[in-house]
Amino acid sequence: MYGLGALLVGTPCVVQGLFYFRIVPSPSWEIRFFSMNALMFCGLVLMGVGQMLSLCRRS
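Mapped onto the working numbering, the consecutive letters of the sequence shown carry residue numbers 103 to 161.
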């Protein structure tokens, strides 16, 4: 769970680089902004859930 969250947090950085160097066609800035923020937020939520599950298992 934590690893998947870490991948989701790192994905927007890679995708932004692909847009910057024009490797893939760039959508409008609104689509980029909201989709990248959604990916990062979902990743942070998964990382938090993964940490909470590991704490529950130790108890």
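Beta carbons are placed, not taken as given, at the ideal position from N, Cα and C, and that holds for glycine.
All figures in this text were calculated on a predicted structure; none of them were measured in a lab.
Residue i: buried (16+ other C-beta within 10 angstroms of its C-beta) or exposed?
| i | result |
| --- | --- |
| residue 105 | exposed |
| residue 107 | buried |
What do you reckon, are the CB atoms on residue i and residue j nearer than 8 Å?
| i | j | result |
| --- | --- | --- |
| residue 121 | residue 130 | no |
| residue 153 | residue 138 | no |
| residue 103 | residue 151 | yes |
| residue 142 | residue 114 | yes |
DSSP on residue i, reduced to helix/strand/coil?
| i | result |
| --- | --- |
| residue 137 | helix |
| residue 99 | Residue 99 is absent from the model: the chain starts at 103 and stops at 161. |
Ends of the alpha helix (DSSP H) at residue i?
| i | result |
| --- | --- |
| residue 111 | 104 to 122 |
Closest to residue i by CA distance: which of the options is it?
| i | options | result |
| --- | --- | --- |
| residue 111 | 155, 125, 145, 158 | 145 |
| residue 125 | 155, 140, 116 | 116 |
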